[in-house]
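All remarks here apply to the structure that follows.
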Amino acid sequence: MTELAITPGLLLTLMVSALAAIAVYLDTKRRSSDIPPRGDLYMAITAAAAVAAVLVSLGLTSIPPSPAQTPAVAPAPACPSPPGRCG
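Going by the UniProt record's numbering, the sequence shown opens with residue 1, and the numbers climb by one from there.
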């Protein structure tokens, strides 16, 4: 089974997205005219997805491009005869 590494950037993105979802849900619940008041779960999930998309796109654009890797060069073949006689 593959182990999932939680990086600080991913954890921060998840936390901020969750906070955005909770804030939107509670705001829609507060403004609701229903009895008992209901929050808009769809709007909360959409807000979390939008925040996560913005944070991930900012994170991807802030990563510097990797340096060009030089191709591996094969070593020169060894010549068993004395120098000058290899051909």
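Quick reminder that beta carbons are idealized off the backbone N, C-alpha and C, glycines included.
Keep in mind it's a predicted model, so treat the numbers as computed, not measured.
Own chain, CB closer than 6 Å to residue i, minus 5 neighbours either side, in chain order
| i | result |
| --- | --- |
| residue 37 | 29 |
| residue 32 | 38 |
| residue 9 | 59 |
First and last residue of the uninterrupted alpha helix (DSSP H) at residue i
| i | result |
| --- | --- |
| residue 10 | 8-31 |
Residue environment, residue i, which counts as buried when at least 16 other CB atoms sit within 10 Å
| i | result |
| --- | --- |
| residue 53 | exposed |
| residue 42 | exposed |
| residue 13 | buried |
| residue 57 | exposed |
| residue 47 | buried |
Residues near residue i by beta carbon distance below 8 Å, same chain, minus five either side
| i | result |
| --- | --- |
| residue 45 | 21 |
| residue 49 | 17 |
| residue 3 | none |
Secondary structure, alpha helix (DSSP H): runs of 4+ residues fully inside the segment 33-65: Listed in chain order, the complete alpha helix (DSSP H) runs (minimum 4 residues) inside the segment 33-65 are 41-62.
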